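Reading through the structure tokens given below for one structure.
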Amino acid sequence: MTVGKVVGVNGNMVSVEVDEVVSMNEVAYVKVEEARLKGEVIRVKGNRADLQVFELTKGIGVGDSVEFTGDLLAAKLGPGLLTRIYDGLQNPLTDLAERCGFFLQRGVYMEPLDTRRSWSFTPTAKTGDRLRAGDPVGWVPEGVFQHRIMVPFNLEGEWVLEWLASAGDYHIDDTIARIKSPDGRLVEMTMVIVWPVKRPITAYAERLKPAQPMITRVRIIDTFLPVSEGGTYCIPGPFGAGKTVLQQVTSRNADVDIVIIAACGERAGEVVETLKEFPELIDPRTGRTLMERTIIIVNTSSMPVASREASVYTAVTMAEYYRQMGLRVLLLADSTSRWAQAMREMSGRLEEIPGEEAFPAYLESVIAGFYERAGIVRLRDGSTGSVTIGGTVSPAGGNFEEPVTQATLKVVGAFHGLSRERSDARKYPAIHPLESWSKYRGIIDRDRTEYARSMLFRGNEVSQMMKVVGEEGTSLDDYVLYLKSEFLDAVYLQQNSFDPVDNSVSPERQQHTFNIIFRVLSGVLVFKEKEEARQWFYKLRQLFLDYNGSTWKSVEFYDAEKKIETMIQEKVSGRLKDAERLTGGQG
Amino acid sequence: MRKVYSRIESIAGNVISVRAEGVRYKDLAVVESRHGSSLAEVIRLKDDLVSLQVFAGGRGISTGDQVRFLGYPMRVAFSEDLLGRIFTGSGKPRDGGPELTSKLIEIGGPSVNPAKRIIPRNMVRTGIPMIDLFNTLVESQKLPIFSVSGEPYNELLARIALQAEVDIIILGGIGLKYDDYLGYKEALENGGAMSRTVFFVHTASDPIVEALLVPDIALAVAENFALEGKKVLVLLSDMTNFSDALKEISITMEQVPSNRGYPGDLYSQLAARYEKAVDFEGAGSITILGVTTMPGDDVTHPVPDNTGYITEGQFYLRNGRIEPFGSLSRLKQMVNGKTREDHRALMDGMIKLYAGYKESLEKKSMGFRMSNWDNKLLKYGELFERSMMDLKVNIPLEKALDQGWDILAECFDPSETGLKTDLIRKFWPKKEAVHG
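One line per chain: the protein sequences are A and B, in this order. Whatever position you read off the first sequence (first residue = 1), add 12 for the working numbering. Whatever position you read off the second sequence (first residue = 1), add 574 for the working numbering.
In structure tokens form, the structure reads like this:
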């Protein structure tokens, strides 16, 4: 083991003099009187290595000894990750709380996985099978999932299965299989794989193009700004616009197998809500609690900055691990700006030449590298698995023209920009329907959603104009257009988050409702005067709000729909010219 | 016996450096100069070169002055004896009383384990309707007052401190004007609250480094009181001064600035302080009320902007009133469902009508004709501002709710308020009561 001596301390950066071999990004421990503090090598220059230390550096002195481990910063992957709460270095926070009480004592690192729990193993491979990295040899049940026990991802070439444990109960550290490489090297496998967090896991056959929408049950997202399974999206927004709320809702409702929440440099209070509520909430898809499909990585704003940087990587590594089992994983990172700021702090201490707003010059490539770890893949057994990444961005001053937002927009497939105006007007979700975009395919034919969006756009123009010339100076046609766009906004784009029905809407219902609304938007409506038009739309809106709040296909639902149908049939006569080519939506 | 170093290598701003051995990061040292002695803190180690931040500032320090390392980091005495006392930013008595040396605790300690936090559940009553009714303050919340210089934010904080049902008040004054410091003292003395108050005050004329210490000292003391089961309210005025002090130091240290000269870690620095707000299960709690003055009333300025991302809402103080729009208590829904059944409905209903008033007011100023409804709203708005928004109004929540109904009854028909029928039936005042 390589040993060095501290020669400098500057914030969380510690410089070490070392005479032997040191590798970049290797983990080292600084020994201070009472503890060993974990750090990572981030620069080597001559016989000096700079570490970013993941703990408070108070009390470190020149001459203190440093142990280099030779290993990269890694996550321990195996059965039992689900339901757990970790910090950015994969320390189990509930176990830490039992041991240390209220505060996070520095230098205490605990086993991330329960080594005493036994798992019931079912072998699926046979001795003599030829296996490659990532191929399963068997599985254990973890909640509702079959947790595959796989050949370690770092092994190259074809290996022969020499011996496999029979069905039965095992601990994660027990030897479960023995495999032999073509050149005769033997490797004993346990249920645990240790993987360096900053390297993507690529033990699959090929990456596919995201095609299937990932349902969030938020209308404006699924219909207008869809996200694909295996895709990426970002949610930038000023403070108080509802980024975290939107992510919390998504973490509950998203139609995926596993959700990994990376609370990165944000308020602790917000995580606490998730921590306390998820074990109580039942997931209607599985009948189990939401916690059973969730892993939470917490590195709140007051916890050491360097491990904030590590936390997003730890999270995405776990996501990739479960993807290898053919599962659909959603990673929610809140907020990636804090992660970028952690990089900025470190870059400053390293005295690197700064880029825009003092962010490091490599900001863009690092952000791109992170989002590129998402994707839908075909595994060698033919099944597919996916990692979808959704990251919030907290731009300074709410201004999207800043480096982190811009670097993120370059690499993501969908942009859900939150607007201060909409959140101030208590419009939920506050996603701006005109500025946001998505490159993915949604649940409704794009021509028709684009038509609806263009109506919003034109309605917005009319509303701007009306501010100048007043209602009197606006033509009836324009006024009806404006009412249509307001109607779409009120009954479809907005959702009532407190309403048990309206807060999450199934894709079938979205399609159904959209068809009705589309007929209003594309229909020719004849009114004698503005007041009549306004009354008609207000009445329809009121009916629709009740309709949205009624249980899908219940008696009230059909009642409300009937009233709406009557109103529409009385008023709508034919189609607007520009909508004629859009044949769908008669249903 | 610790070694004394008598050769200072460099002096830049408030930062000096000496060549020394066996020194630990964040340790304290005493710098003896002709102008008296001052504490200093180690802020960088590079080989044998130790950089120290001198609390009393670098002015007057000569290269021949003596530096003696103490071998421990910044600490503050913690005991009941603190109550009623006034200290400087570095923990020295400011009130002529004795220096406290018993039971020293380190400042800037580790963060609370998120797994040990609990969901906040208790309301803090302030007697100010704009807070209690519309944006309820919750125990363990961290909330700044966004304001511009000249607004009565210090008076407001002092008043909340006096009226809030807390066990201990800790005032952290950062760059406080001397008059404001005396104002606080007077207010708390007159209110009979001095005996449960501790002051850590850095005034505008004190050395800038001490400004940086105030939040840490105040919060370390608060944390220990909270662990003993006390409900603690920490007032920090003004965190913009704290941020400016950070800026000054980091520029001196030749750090690359990120935004308008502020250091890149401004967010983390502010968060490390605000996140000390906590409710300890089975013990006490810390609630933090801060002041963030917005230079040029610009909320996108780095200090209010970063603060907004950290805190759980904000109160906008403008023209001597807490603005209903923009002000937000993110935790209010955790408590306002348990106060009185009409609380939430009245809160939303009255604000919606007030928004209507603002629109009518705009229309009026543009010369449009006022309808009957507009006139009703105009009357409502004036009443609302007078009997709810005025900071002089000092009534408990229940009274404020009743008053809310009275205002509505005076201006509108029940059906015009948009409130639910069953609430109206129960709370709508009888005619006589209104005019009586």
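Beta carbons are placed, not taken as given, at the ideal position from N, Cα and C, and that holds for glycine. A quick note: this is a predicted structure, and the numbers were derived from the prediction, not measured.
Beta carbon proximity, residue i to chain A, threshold 8 Å
i: B/Glu-583; result: no
i: B/Pro-898; result: no
i: B/Gln-977; result: no
i: B/Pro-876; result: yes
i: B/Ile-693; result: yes
i: B/Ala-732; result: no
i: B/Gly-838; result: yes
i: B/Asp-741; result: no
i: B/Ile-681; result: no
i: B/Phe-799; result: no
Closer than 8 Å to chain B by CB, residue i
i: A/Asn-411; result: yes
i: A/Asn-22; result: yes
i: A/Gly-360; result: yes
i: A/Met-337; result: no
i: A/Glu-484; result: no
i: A/Ala-61; result: no
i: A/Ala-280; result: yes
i: A/Met-315; result: yes
i: A/Thr-312; result: yes
i: A/Pro-666; result: The first residue shown for chain A is 13 and the last is 599, placing residue 666 of chain A beyond what the model contains.
i: A/Ile-54; result: no
i: A/Phe-114; result: yes
i: A/Thr-348; result: no
i: A/Gln-117; result: yes
i: A/Thr-14; result: no
Limits of the unbroken beta strand (DSSP E) element including residue i
i: B/Arg-904; result: From DSSP, B/Arg-904 is part of no beta strand (DSSP E); its letter is neither H nor E.
i: B/Glu-984; result: Run containing B/Glu-984: none in the beta strand (DSSP E); it sits in the alpha helix (DSSP H), 971-985.
i: A/Val-44; result: 38-44
i: A/Leu-343; result: 340-346
i: A/Asp-457; result: Counting along the chain, A/Asp-457 falls outside any beta strand (DSSP E), and DSSP gives it neither H nor E.
i: B/Ala-846; result: Segment 840-848 is the alpha helix (DSSP H) holding B/Ala-846; no beta strand (DSSP E) there.
8 Å Cβ cutoff met for residue i and residue j
i: A/Asn-311; j: A/Gly-367; result: no
i: B/Gly-650; j: B/Ile-679; result: Here residue 650 of chain B is Val; the residue named in the question, Gly, does not match the sequence. Yes, they are a contact pair.
i: A/Asp-514; j: A/Gln-507; result: yes
i: A/Ser-178; j: A/Pro-135; result: yes
i: A/Val-53; j: A/Leu-63; result: yes
i: B/Ser-934; j: B/Asp-922; result: no
i: A/Ser-450; j: A/Pro-238; result: yes
i: B/Leu-902; j: B/Ile-734; result: no
Extent of the continuous alpha helix (DSSP H) run through residue i
i: B/Arg-581; result: B/Arg-581 -> no alpha helix (DSSP H), and no H or E assigned at all.
i: B/Met-704; result: 703-706
i: B/His-917; result: 917-939
i: B/Thr-866; result: Unbroken run through B/Thr-866 is the beta strand (DSSP E), 859-867; no alpha helix (DSSP H).
i: A/Val-257; result: 255-265
i: B/Asp-996; result: 995-1001
i: A/Glu-433; result: 432-436
Per DSSP, the bridge partner or partners of residue i
i: A/Leu-198; result: A/Lys-192
i: A/Lys-50; result: A/Tyr-41
i: A/Gln-64; result: A/Met-25, A/Glu-52
i: B/Val-697; result: Reading off the sequence shown, one finds Met at residue 697 of chain B, where the question assumed Val. According to DSSP, B/Met-697 bridges with B/Val-712.
i: A/Val-481; result: Paired residues: none, contrary to the question.
i: A/Ala-373; result: Answer by DSSP bridge pairing: none, since A/Ala-373 is not bridged.
Original post:
Three or more beta-carbon pairs under 8 Å between the region 925-945 of chain B and the region 739-757 of chain B, yes or no?
Top reply: No, they do not touch.
Subject >> the region 622-636 of chain B / the region 794-809 of chain B touching (three or more Cβ pairs under 8 Å) >> reply: no
Original post:
Does the pairing of the region 256-265 of chain A with the region 275-293 of chain A give three or more beta-carbon distances under 8 Å?
Top reply: The region 275-293 of chain A and the region 256-265 of chain A touch, with three or more beta-carbon pairs separated by less than 8 Å.
Original post:
Are three or more beta carbon pairs between the region 459-475 of chain A and the region 500-520 of chain A nearer than 8 Å?
Top reply: Counting Cβ pairs under 8 Å, three or more are found: they touch.
Original post:
Three or more beta-carbon pairs under 8 Å between the region 205-220 of chain A and the region 332-345 of chain A, yes or no?
Top reply: yes
Original post:
Using 8 Å as the threshold, is the region 876-894 of chain B in touch with the region 709-724 of chain B, meaning 3 or more CB pairs across them?
Top reply: Short answer: they touch.
Original post:
Is it true that the region 384-398 of chain A meets the region 86-94 of chain A, where meeting means three or more beta-carbon pairs spaced less than 8 Å apart?
Top reply: no
Original post:
For the 8 Å Cβ check, are there 3 or more pairs between the region 582-595 of chain A and the region 612-628 of chain B?
Top reply: Too few Cβ pairs lie closer than 8 Å, so no.
**OP:** May I ask you to verify whether the region 202-210 of chain A touches the region 75-89 of chain A, counting CB pairs closer than 8 Å and requiring at least 3?
**Re:** Segments in contact, yes.
Original post:
Does the pairing of the region 676-690 of chain B with the region 822-832 of chain B give three or more beta-carbon distances under 8 Å?
Top reply: no
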